[in-house]
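J.: Here my numbering is used: the first residue of the sequence shown is 98, the next is one more, and so on. All C-beta atoms in this analysis are idealised placements derived from N, C-alpha and C, irrespective of residue type, glycine included. Quick caveat, the model's predicted, so the values are computed rather than measured. Supplied in structure tokens, the structure appears directly below.
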Amino acid sequence: MSDRPIFTYQTRLVLDATQASILDAYAELHGRAERTLFAALRAGNPVNELKREFLPRFGLTARQFNALRVGLDGKIASIKERRPELIAEAKSRIKKAESVIAKLSGRAPGSNKLHQKKRRLATLKARCAAMEADQAAGAVRLCFGSKRLFHAQFDLAANGYASPAAWKADWQRTRASQFFVLGSGDETAGNQTCQATLAANGTLTLRLRLPDALVALGGSKTVNLTGVRFAYGHDQIVAALTSSQRIHARTKDGKATIKRIGTALSYRFLRDDKGWRVFASVQARSVEKVSSAALGAIGVDINADHLAVSETDRFGNLIGAKRMNLSLYGKTQKQAKALVGDVVVAIAAQARNAGKPVVMEVLDFQRKKAQLEAVEPKQARMLSSFACRQVATHLKAACYRVGVEVIEINPAYTSLIGAVNHAQRHGISTHQGAALAIARRGLGFSERPPKRQAIVPVRNGGHVTLALPARNRAKHVWSYWADVRKKLKAAHVAHLRSGEASAPPAPLFSATRTVCSHRSFVAKSHDANRSQHCSESVLEDVPW
């Protein structure tokens, strides 16, 4: 498979007091130089001049300065890339908040909820104005040490600090808790500053080149970190080390030379409450593709509290559907990562065993998060804690490792198509129906709607029935689904106002129980009694 991703693996280092103090000093020097470099770049100083100044000033090698610059450039680029999305999200939230305030002003004037919504609107407008000003000026704001910890100084007791000195010590320690070592494929062992070698017992020894300013502290230019073993990805790292080789080549002038080629290995050293960890980033090895769309597909619908998975055969027919719970609300970052990892590995294993590609949507949850102003607090908290991008990234990585192709599609109307076309027909949930629609779209199958009317399940086990609009075949089928969405929204509103949404569903008829798990409707359709539509079997007259 092409487009090899970058995988990062981590392990904890076993250090003595001297080694730990050396890494602490390295991180402090790296953090101080990084903050100084950021201020100098923001002032408009050229990078080349800064490099000549920083090497003797901070006692760095040229390669260590490059690692410093690359890491800082990544942070700046991330902010610039993310800011337009944040501005668009803020504007959507402002628009939604204004709509909610307008409704509350008529329904509950003078209420506390209205007052809080107005305060929220003022905060959103101020935040959006600040981001737009930075975007126009090209300014980038970085808080080294985290903004949350910086604001903790204004309420020491609530954040567990007995004095300003205690907060300052924690602040300084956090700002000096990591450093980055840049790798390159044309360097020995993929990295000039930190070179890994394989020991006889299978572990790795990391030979870390210290900055010149710290040579006196370590007594040598290098420090050796022995007994390093990665619980996951150890084989990948060893393979990257063995890929390094020297070859004969020629320069642009035609002169013969010897150059080194291999796989770059970059390292990040990070200190936490338990000690030091090392993260190794390496480009994944090529994997043979084992999936084929000729066998069918597995569609995945990503939701805030679960993943819906539907498998099809090569004709687009449903083989099976399931729900995989994935509630991340209240979980720590590590717990959420573990839960996501377990779910995506299971999906990748299913796809590998079936030999079918995984189809998923190219989702942007920023639009959904912008609607938080109008939903209940419980639902808002659940959606806020959901990491859609993390799920998608982990799913792609898990599928790549086992040689399964991932097909990404446009998400337009898949939920609607799943609810109207597939849910009632197959006796599955609307989300599983959406997963089926995703899989079928990935295979290129038709999205034609039913001819006359649709029966869509609702949450309490009942359903709503709506007459479908006439289709203009001169237009794209998605224009038709846009009209269907309007009608379905009106049907849901009518269902809610009637009180049926909170009432228990009617019991299934004995004959219908074997056909579908959803409640049958009582009212007949407008053409149900026409003779040309009748047959000897009662079930055949039910317009599923």
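#1: Go ahead and pull the three-state DSSP assignment for Val-442.
#2: In whole angstroms, what separates the C-alpha of Ala-259 from that of Lys-428?
#3: If you follow the beta strand (DSSP E) that Val-501 is in, where does it begin and where does it stop?
#4: Select from Cys-496, Val-555, Leu-425 the residue whose C-alpha is nearest the C-alpha of Ile-444.
#5: I'd like to know if the stretch 105 to 120 and the stretch 204 to 215 are in contact, where contact means that at least 3 CB-CB pairs between them fall below 8 Å.
#6: Take Asp-309 as the anchor and find which of Pro-153, Met-457, Leu-183 has the nearest alpha-carbon.
#7: List the DSSP bridge partners of Lys-356.
#8: Near Val-387, which residues of its chain fall below 8 Å by C-beta distance, leaving aside the five closest residues on each side in sequence?
#9: Please classify Glu-385: is it buried, with 16 or more other beta-carbons within 10 angstroms of its beta-carbon, or exposed?
#10: Evaluate Tyr-510 with the Cβ neighbour count: other Cβ atoms within 10 Å of its Cβ, from every protein chain shown; 16 or more gives buried, anything less gives exposed.
#11: Which of helix, strand or coil does DSSP assign to Cys-240?
#12: Starting from Ile-399, follow its DSSP beta bridges and name the residues at the other end.
#13: Give the straight-line distance between the Cα atoms of Leu-563 and Gly-530, rounded to the nearest whole angstrom.
#14: Do the stretch 348 to 355 and the stretch 301 to 319 meet, that is, are 3 or more Cβ pairs less than 8 Å apart?
#15: Starting from Asn-209 and walking both ways along the alpha helix (DSSP H), at which residues does that stretch end?
#16: Report the three-state DSSP secondary structure of Ile-552 (helix, strand or coil).
#17: So, is Ser-617 buried or exposed, given that buried needs 16 or more other C-beta atoms within 10 angstroms?
#18: Return helix, strand or coil for Arg-538, following the three-state DSSP convention.
#19: If you follow the beta strand (DSSP E) that His-560 is part of, which residue opens it and which one closes it?
#20: Short of 8 Å in beta carbon distance, which residues of its chain neighbour Trp-575, apart from the five on each side in sequence? Order them along the chain.
#21: Is the shortest distance between the beta-carbon of Ala-381 and the beta-carbons of chain B less than 8 Å?
#22: Evaluate contact between the stretch 401 to 415 and the stretch 510 to 528, counting only Cβ atoms and requiring at least three cross-stretch pairs below 8 Å.
#23: Quick check on Ser-378: does DSSP put it in helix, strand or coil?
#24: Does DSSP classify Ile-198 as helix, strand or coil?
#25: Just the Cα atoms here: how many angstroms apart are Thr-115 and Arg-160?
#26: Would you kindly check if the distance between the Cβ of Leu-540 and the Cβ of Ala-394 is under 8 Å?
#27: In the DSSP assignment, find the beta strand (DSSP E) that holds Tyr-364 and state where it starts and stops.
#28: For Ser-526 and Leu-593, what's the separation of their Cα atoms in angstroms?
#29: Would you list the one or two residues that DSSP bridges to Ile-525?
#30: Mapping the DSSP letters down to three states, classify Val-574 as helix, strand or coil.
#31: Give the DSSP-derived three-state secondary structure of Leu-157 in the structure shown.
#32: Compare the C-alpha of Val-456 against each of Ser-274, Gly-207, Ile-399, Ile-552 and name the closest.
T.: In terms of the structure at hand:
#1: helix
#2: 28 Å
#3: Run containing Val-501: none; DSSP gives neither H nor E here.
#4: Cys-496
#5: no
#6: Pro-153
#7: Ile-344
#8: Arg-449, Gly-452, Val-499, Gly-500, Val-501
#9: exposed
#10: buried
#11: coil
#12: Leu-404
#13: 18 Å
#14: no
#15: 209 to 234
#16: strand
#17: Since pLDDT at Ser-617 reaches only 38, below the 50 mark, its modelled position is unreliable, and the value read off the structure follows with that caveat. Flag for Ser-617 reads buried.
#18: helix
#19: 560 to 564
#20: Ala-509, Tyr-510
#21: Considering every chain present, this structure includes no chain B. It has just one protein chain.
#22: yes
#23: strand
#24: helix
#25: 24 Å
#26: yes
#27: 362 to 369
#28: 19 Å
#29: DSSP output for Ile-525 lists no bridge partner at all.
#30: helix
#31: coil
#32: Ile-399
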